Structures are given as C-alpha cells and as structure tokens.
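Q: There's a structure below that I have some questions on.
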Amino acid sequence: MDSQGGPYLNKGALCSTLGGARLCQLAMGCAVIAMVTHSAGYSGSHGVFCMAAWCCCFAVSAAVFFLDATRLYSFLRVSWDNLTVTWAACATLMYVTASVVYPLFFVQSECPYEGCDVRDFRIAVTVCSILGTLAYGAEVALCRARPGQIVVGYMATVPGLLKVVQGFVSCIIFGALANGSQFSRYAATIYCVVIYASCFALTALVVILTVCKRTKTVRCMPFDRFVVVCTFMEVLLYLSASVVWPVFCFDTKYGSPWRPSSCPQGKCPWDSKVVVAVFSCVNFGLYLADLLYSQRIRFGSSRVPTNSRV
1 MDSQGGPYLN KGALCSTLGG ARLCQLAMGC AVIAMVTHSA GYSGSHGVFC
51 MAAWCCCFAV SAAVFFLDAT RLYSFLRVSW DNLTVTWAAC ATLMYVTASV
101 VYPLFFVQSE CPYEGCDVRD FRIAVTVCSI LGTLAYGAEV ALCRARPGQI
151 VVGYMATVPG LLKVVQGFVS CIIFGALANG SQFSRYAATI YCVVIYASCF
201 ALTALVVILT VCKRTKTVRC MPFDRFVVVC TFMEVLLYLS ASVVWPVFCF
251 DTKYGSPWRP SSCPQGKCPW DSKVVVAVFS CVNFGLYLAD LLYSQRIRFG
301 SSRVPTNSRV
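In terms of the UniProt record's numbering, the sequence shown opens at residue 1 and continues consecutively.
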C-alpha cells in the first residue's frame with residue numbers, strides 16, 4: 001500500500017478491457033518473435049523490417065504495460081494518455097505493414113526446400129501478426145475520444161490519430177525517395193522533397209509538443225489555432241507536390257508515363273516514383289481530412305467550459 005492507502009499496482013491496467021488488449025499485444029508479439037526465430041525465419045531487407053517492427057512493438061508495449069501497472073508513469077514528464085494512444089496507433093500501422101509484407105515475401109502455397117513445417121510456421125506468424133494488429137487497433141478504439149465526450153488528450157481525437165498516419169505515410173515516401181527515385185534530376189522534384197520533409201517536421205512537432213505537455217510553448221496563438229494553421233499550410237503544400245511530382249516524373253518531356261521494360265524488378269526508379277506519387281495523394285487526403293476534423297473540434301468545443309478543455 002502507498003502512503004495514501006491506495007494499492008501499489010494499478011488494477012485498472014491489469015483487470016480492464018484496455019489491460020486485456022495490452023496483454024494480447026504482448027502475447028502475440030512474443031509468439032511472433034518466438035516462431036520467427038525458431039523456425040519461420042526471415043531474410044533480406046523485407047524480413048529485417050518485419051522482425052524489427054515486431055521486436056520494437058513488443059519492447060515498447062512491455063514498457064508501457066509495466067509503467068501503467070506500477071503507476072511509475074507518474075514520474076515521467078509527459079502526457080501519459082497522449083503518449084499511449086500515439087504509440088498504439090503507430091504500432092497498429094507497423095503491425096499492418098508487417099502483416100502484409102511478411103506473407104507476401106515468405107509465405108508460399110508450396111512447401112519450401114526447408115520443409116512444410118517452415119511454411120506452417122510462417123502461416124502461424126502471419127495469423128499472430130494479424131491478431132496483434134487487432135489488439136493494437138482495439139487499444140486505439142478504446143482510447144479514442146467519442147463525440148460529446150470531454151477530450152482528455154489531443155492525440156486521442158481523430159486529428160491527433162491522423163497525425164500519426166500522416167507521419168507513417170511520410171516515412172513510406174522517404175523510403176521510396178531513397179530507393180533510387182532520382183529526385184535530384186529536376187529542381188521541381190527537389191521542391192517536392194522539401195515539402196515532404198517540411199510537412200513531416202511540422203507534424204512531428206505537433207505530436208512532440210502534445211506528448212511532452214509543451215503546448216503552451218506556442219505563445220503567439222492558442223495551440224488549437226496553431227495546429228489548424230499548420231494543417232492548412234500542409235494541405236496547400238501537399239496539393240502542389242501532388243501536382244508537380246507526377247508532371248516531372250511521368251510526362252514524356254521529363255520522364256516516361258510507362259514502366260521501362262529493361263527496368264529491374266525491385267530496383268526500378270520508375271516504381272519508386274509511382275510510390276511517391278500515390279502516397280503523396282494519400283497524404284494530401286489525410287491532411288485535408290485532418291483540417292476538416294480540426295475545424296469541427298474547434299467550433300464544437302467553443303461551447304465547452306474552459307476548465308474542461310485540454
């Protein structure tokens with residue numbers, strides 16, 4: 001018992017729906033890592049990415065569960081609710097990616113030369129990875145702010161969760177740019193890269209300020225207005241990049257609208273350019289949705305008493 005007579009352990013973290021979801025996350029993560037290292041195996045950059053994603057999610061989730069169960073998070077100078085929902089959303093995206101990439105490159109209908117046991121283990125890894133995705137998604141759903149509910153953290157709202165998705169999509173764009181996209185050939189494509197980096201930096205800044213409880217650092221205007229202004233600027237920037245990038249990559253004057261037949265599979269600059277173009281449009285849609293939801297939250301919360309806002 002502590003000095004105030006309360007239990008040392010947080011029973012809500014152990015005997016609640018949220019605690020059950022986190023236990024499932026740990027169980028599925030442990031099962032995936034054990035089966036991959038035991039027999040399923042991994043190789044190449046795709047396998048390393050999947051294994052790194054599973055190990056990272058397991059390690060951080062174990063730390064989150066331990067800190068929540070022992071109440072030690074109260075010693076951290078962070079917004080715990082914002083931190084946990086941000087991590088759950090990020091882990092969900094990582095697990096979704098690994099659940100798609102691993103079976104795509106490692107699961108085959110025929111038995112590999114290692115034997116059918118290896119194939120069965122890889123199928124089991126895929127199933128556990130999908131279940132882990134559902135467990136992380138369940139935590140996001142449990143922590144997400146509902147309409148009419150008092151918002152306890154910005155990252156639990158739809159715009160906050162969209163910030164995580166935007167950052168994840170930006171990482172995919174950066175990976176495609178680094179994979180021989182030849183973006184340095186034209187000043188216009190370099191301009192697009194600057195836009196991608198700037199928007200990612202602004203999004204990361206908003207998330208960091210929220211998680212670290214530094215929203216009052218922005219003294220020139222209220223933080224919610226600052227977020228809306230940044231999002232509006234990002235919408236305009238991504239709109240320009242979504243138009244400029246395809247023109248300077250697929251127009252016959254600057255590039256090729258069709259994939260070259262001599263382009264090697266997996267190392268083709270044209271493929272990387274397509275990935276950047278597609279996810280640029282995806283991120284533009286995410287930022288636009290973020291702007292619309294941010295406006296709804298701002299106007300909808302204007303009638304809420306000041307002491308109930310965060």
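All C-beta atoms in this analysis are idealised placements derived from N, C-alpha and C, irrespective of residue type, glycine included.
Quantities reported herein were computed from a predicted structural model and do not represent experimental measurements.
(1) Of all the alpha helix (DSSP H) runs that stay within the bounds of the UniProt domain "MARVEL" (13 to 148), which reach a length of 4 or more residues?
(2) Please report how far the alpha carbon of C230 lies from the alpha carbon of L202, in whole angstroms.
(3) Whose C-beta lies closer than 8 Å to the C-beta of M28 among residues of the same chain, with five residues either side of it excluded?
(4) Drop a sphere of 10 angstroms on the beta-carbon of V194, count the other beta-carbons inside from all chains shown, and report buried for 16 or more, exposed for fewer.
(5) If I'm right that C249 touches A204 with Cβ under 8 Å, what's the distance once you round it to whole angstroms?
(6) Can you have a look at T86 and say buried or exposed, based on whether 16 or more other CB atoms are within 10 angstroms of its CB?
(7) Report the rounded CA-to-CA distance for W245 versus A53, giving the unit in angstroms.
(8) Is C230 helix, strand or coil by DSSP?
(9) Cutting at 6 Å between CB atoms, please list the residues of its own chain near Q4, excluding the five before and the five after it.
(10) If you measure between the beta carbons of R119 and F65, is that distance less than 8 Å?
(11) Tell me which same chain residues have a C-beta within less than 7 Å of the C-beta of T92, skipping the five on either side of it?
(12) Quick check: the segment 164 to 171 against the segment 60 to 80, are at least 3 beta-carbon pairs closer than 8 Å?
(13) Here's a check: name, in chain order, each residue in its chain whose Cβ is nearer than 6 Å to the Cβ of R259, leaving out the five neighbours to either side.
(14) In the DSSP assignment, find the alpha helix (DSSP H) that holds A156 and state where it starts and stops.
(15) Mind checking which residues open and close the alpha helix (DSSP H) that includes T203?
(16) So F121 and A34 are in contact, right, with Cβ under 8 Å, and what is the actual spacing, rounded?
(17) Around the C-beta of Y73, are 16 or more other C-beta atoms found within 10 angstroms, so that it is buried, or is it exposed?
(18) Which word fits V199, buried or exposed, when buried means at least 16 other C-beta atoms lie within 10 angstroms of its C-beta?
(19) Have a look at F284 and V96 and give me their C-alpha separation to the nearest angstrom.
(20) So, using beta-carbon positions, are I172 and F49 closer together than 8 Å?
(21) So what does DSSP say about Y254, is it helix, strand or coil?
(22) Leaving aside the five residues before and after P305 along the sequence, list all residues of the same chain whose C-beta is less than 8 Å from its C-beta, in chain order.
(23) Under 8 Å Cβ to Cβ from V78, same chain only, skipping five residues before and after it: list those, please.
(24) Going by alpha carbons, who is nearest to L292 out of Q265, V235, S261?
(25) Where does Q265 land, buried or exposed, given buried means 16+ other C-beta within 10 angstroms?
(26) Mind reading off the beta-carbon distance from S294 to P103? Whole number of angstroms is fine, and I expect it under 8 Å.
A: Quick look at the numbers:
(1) 17 to 35, 44 to 70, 80 to 106, 116 to 143
(2) By one-based count along the sequence shown, residue 230 stands at place 230. By one-based count along the sequence shown, residue 202 stands at place 202. When rounded, the distance between both Cα atoms is 7 Å.
(3) To locate residue 28, count along the sequence shown from 1; it is residue 28. Around M28: C128, S129, L131, G132, A135.
(4) As a position in the sequence shown, residue 194 is number 194, starting the count at 1. Exposed.
(5) On the sequence shown, residue 249 is found 249 positions in, with the first residue counted as 1. On the sequence shown, residue 204 is found 204 positions in, with the first residue counted as 1. The pair is not a contact, with the Cβ atoms about 26 Å apart (cut-off 8 Å).
(6) Translated into positions along the sequence shown, residue 86 becomes position 86. Buried, by the Cβ-count rule.
(7) Position 245 of the sequence shown, counted from the first residue, corresponds to residue 245. Position 53 of the sequence shown, counted from the first residue, corresponds to residue 53. C-alpha separation (whole angstroms): 30 Å.
(8) As a position in the sequence shown, residue 230 is number 230, starting the count at 1. Three-state result, C230: helix.
(9) The residue labelled residue 4 in the question sits at position 4 within the sequence shown. Legend: pLDDT at Q4 = 47, less than 50; position of this residue unreliable, no value from coordinates given.
(10) Translated into positions along the sequence shown, residue 119 becomes position 119. Translated into positions along the sequence shown, residue 65 becomes position 65. No, Cβ-Cβ distance for R119 and F65 is not below 8 Å.
(11) Counted from its first residue, the sequence shown places residue 92 at position 92. Same-chain partners within the cutoff: T133, Y136, G137, V140.
(12) no
(13) One-based indexing of the sequence shown puts residue 259 at position 259. Closer than 6 Å at the Cβ level, and outside the excluded window around R259, lie W270.
(14) Translated into positions along the sequence shown, residue 156 becomes position 156. Segment: none, A156 is in no alpha helix (DSSP H) and carries neither H nor E.
(15) The residue labelled residue 203 in the question sits at position 203 within the sequence shown. From DSSP, the alpha helix (DSSP H) with T203 extends over 187 to 211.
(16) Counting from one through the sequence shown, the residue named residue 121 turns up at place 121. Counting from one through the sequence shown, the residue named residue 34 turns up at place 34. So it is not a contact: roughly 10 Å between Cβ atoms.
(17) Your numbering for residue 73 matches position 73 in the sequence shown. Per the 10 Å Cβ criterion, buried.
(18) For the purposes of this step, residue 199 is identified with residue 199 of the sequence shown, where counting begins at 1. First, the amino acid is wrong: residue 199 is Cys here, not Val. Counting Cβ neighbours within 10 Å, C199 comes out buried, since at least 16 surround it.
(19) Numbered from its first residue, the sequence shown carries residue 284 at position 284. Numbered from its first residue, the sequence shown carries residue 96 at position 96. So the two alpha carbons sit approximately 21 Å from each other.
(20) Within the sequence shown, numbered from 1, the residue matching residue 172 stands at position 172. Within the sequence shown, numbered from 1, the residue matching residue 49 stands at position 49. Their beta carbons are not under 8 Å apart, which means I172 does not touch F49 by this criterion.
(21) Taking the first residue of the sequence shown as position 1, residue 254 is located at position 254. Reduced to three states, the DSSP call for Y254 is coil.
(22) Along the sequence shown, read from residue 1 onward, the residue named residue 305 stands at position 305. Confidence is the limiting factor: at P305 the pLDDT is only 40, short of 50, which leaves the residue's position unreliable and the question unanswerable from this model.
(23) Within the sequence shown, numbered from 1, the residue matching residue 78 stands at position 78. Here the set comprises V211, C212, K213.
(24) Start at 1 with the first residue of the sequence shown, and residue 292 comes out as number 292. Ranking the options by Cα distance to L292, first place goes to V235.
(25) Looking up residue 265 in the sequence shown gives position 265. Its Cβ having fewer than 16 others within 10 Å, Q265 is exposed.
(26) What you label residue 294 is simply residue 294 of the sequence shown in a count that begins at 1. What you label residue 103 is simply residue 103 of the sequence shown in a count that begins at 1. The Cβ separation is near 37 Å, so there is no contact.
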